[in-house]
Amino acid sequence: MANTVHDLARLTIGTDSRCMRLSRLAISLIMVVVLMVLQAFLLISVNKLLCQSAVEHIRNLYSDYEVQMYHNHTVQLWTGFHRGIPGYFDPMQFNEFSAGDRQNLCQLPLSHAKYLSSILFVWTLTCFIELRLIIYQTIQVLFATPTVPSMSQALASTETPHEVEVVGLTLAVKALIGLLVLLPRYICILVLVWLGCRWLTATPCLGDVLLNGLALEFILVLKNLLYESFASKRSRLVVERTKFQPVDKFERATYRSFSGSIFWVVMAVTFVYAYVFYLQQVLPAYRWDIHPVCSSE
């Protein structure tokens, strides 16, 4: 954002290095588009190639478990898989499974709700940190920054040498930043939260749950990776020296200022609890009937 705003302002004012600034502006926009396409491709690929197959596997495994453990006294869900009817559960039927099948069933994340919830909490909190940053930048750029009629009024010098402050943006530039930079980040982070929780819940091995969470974080930090790899030294200096106005220039120590971080933690805990016990669709109508027989092994 800083490079785009800086170059647009200089081009509006007038500059001798017009071609260079146009080229840098074009490169910045191309990098934004590349990031959007790459993130979308990775999200679609993770869902299609990894998540769907994991969900299908775990659904088949649990459906077979229900049929065996409830002596075929089951109901069929809209997904086509079976769930046992309460009152017919027979723990002794667990011994009818092979040792490998028993191990696979006891490795299902939903059979270890506390472990799964802790991993999902860390993943959700990681995503919420990014979401909190996006919300702050949205308020800072689109609402806290005044709207000016021309980009020639966008920058002002500061007391620090070589630094400039963004004191205004035109409506068109705000729309450009909102649609090309901020909106895709909102979509990406919200999809990542849900897709990540779904994939981690469907992971058929407890040891891989943590590893898959680390793999998902790669998509989250992709923008930083591209920036560090392709941004020139000059572009980085522009970013460092171009300051947007803070949302609160003078933030006093109030209950509100201290409770902001607690709010996101509470939101993460609430979401994880709701997801594990109510919202997850990896195993709809899950009976919570694997952990008791695994504990007695």
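So the sequence shown is numbered by this note's numbering: it starts at -3 and just counts up by one.
Glycine included, every Cβ here is placed at the ideal spot set by N, Cα and C.
Helix, strand or coil at Q277 [DSSP, three-state]: coil
C-alpha gap between G256 and R128, whole angstroms: 10 Å
Pairwise C-alpha distance: F117 and Y271: 11 Å
Through-space distance from S228 to T143, alpha-carbon basis: 30 Å
Separation of N220 from H67, as counted between CA atoms: 54 Å
Three-way DSSP call (helix, strand, coil) for T70 in this model: strand
The region 132 to 149 in contact with the region 158 to 166 per 3-pair CB rule at 8 Å: yes
Cβ pair count under 8 Å reaching 3, the region 194 to 203 against the region 1 to 9: no
Beta bridge counterpart(s) of T143 as assigned by DSSP: L165
Beta-carbon proximity check, A281 vs L106, cutoff 8 Å: no
C-alpha gap between G10 and E213, whole angstroms: 42 Å
For H78: DSSP bridge partner residues: Q72
T0 - DSSP class collapsed to helix/strand/coil: helix
Alpha-carbon spacing of S146 relative to L172, whole angstroms: 15 Å
Whole-angstrom distance between R194 and Y61, CA atom to CA atom: 21 Å
Residues that DSSP places opposite S113 in a beta bridge: BP columns for S113 are empty, so no partner.
Under the three-state DSSP convention, the category A152 falls into: strand
Residues that T238 bridges to, as DSSP identifies them: V160
Endpoints, the alpha helix (DSSP H) within which S94 is located: First-last for S94: undefined, no H or E at that position.
Nearest residue (CA-CA) to S153, options Q241, R20, C123, V30: Q241
Top-ranked residue by Cα proximity to Q149, from Q133, T134, E155, T166: T166
Alpha helix (DSSP H) segment containing W284, residue limits: Careful: W284 lies outside any alpha helix (DSSP H) and carries neither H nor E.
Minimum C-alpha distance to E224 - residue among M27, L18, A168, M16: M27
Under 8 Å between C-beta atoms of Y58 and L279: yes
Neighbourhood of A50 by C-beta distance below 7 Å, restricted to the same chain and skipping five residues each side: W195, A198, T199, P200
Identity of the residue in M65, L151, L188 nearest I125 by Cα: L188
Close-in-space but distant-in-sequence residues of the same chain around Y182 (CB under 7 Å, 5 per side omitted): I130
Short Cβ contact (8 Å threshold) for H108 with R237: no
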